[in-house]
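Numbering (mature numbering (1 follows the signal peptide of the UniProt record, and there is no 0)), first residue to last: -23 to -1, 1 to 136. Heads up, the thing below is written out as structure tokens.
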């Protein structure tokens, strides 16, 4: 008895989704960790925006073959991350926030390292986020969070 091609495809997709399940986080997890970090800097909370999440997922999907770390150039602010095999919303956003050690608030600049990801996480005018993860063909995980309104203007302080 031969299996239909549609059944084989469905089983493959099910297996793939089960295998990748540990690489994904929920919208609530992304919002919670962003808001916990933003609160440390006196910045108001963000909410989940499905349009942003769909944009992020579509962009992540386009990186499946290479996992190339390149910004989308789209209409939203964004942070990107690559991790090998797995990560979580908490690990990802905390990694971006760890750049705070390179941000000099008084001088409003990065000192001794990159701090743009941190600035995006705590940008005071950002009210909505949408994030996505994708396990790429090479077993790296591509993560993108989109921010609206976009901010992170280097001439302005983030908070």
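Note that beta-carbon positions come from the ideal geometry of N, C-alpha and C, so glycine has one too.
In the same chain as residue 117, and ignoring 5 residues on each side of it, the C-beta atoms closer than 6 Å to its own belong to 44, 59, 61, in chain order. The three-state secondary structure of residue 100, taken from DSSP, is coil. A Cβ-Cβ contact shorter than 7 Å links residue 99 with residue 136. For residue 74, DSSP assigns no beta-bridge partner whatsoever. Of all alpha-carbon atoms in 93, 115, 114, 110, the one lying nearest the alpha-carbon of residue 33 is that of 110.
74 is the residue among 126, 103, 41, 74 whose C-alpha sits nearest the C-alpha of residue 94. Residue 7 is not a Cβ neighbour of residue 53, given a cutoff of 7 Å.
Membership of residue 17 in the alpha helix (DSSP H) is indicated by the continuous run 4 to 17. Classified as buried, residue 30 has 16 or more neighbouring CB atoms from the shown chains inside 10 Å of its CB.
Leaving aside the five residues that flank residue 42 on each side, the residues in its chain whose CB is nearer than 6 Å to its CB run, in chain order, 114.
DSSP places residue 114 in the coil class of the three-state scheme, outside both helix and strand. The beta-carbon distance between residue 3 and residue 107, rounded to whole angstroms, is 13 Å. This is too long to meet the 8 Å contact definition. Residue environment analysis places residue 55 among the buried positions, since at least 16 neighbouring C-beta atoms fall within 10 angstroms of its C-beta. Counting along the chain, the unbroken alpha helix (DSSP H) around residue 29 starts and ends at 27 to 38.
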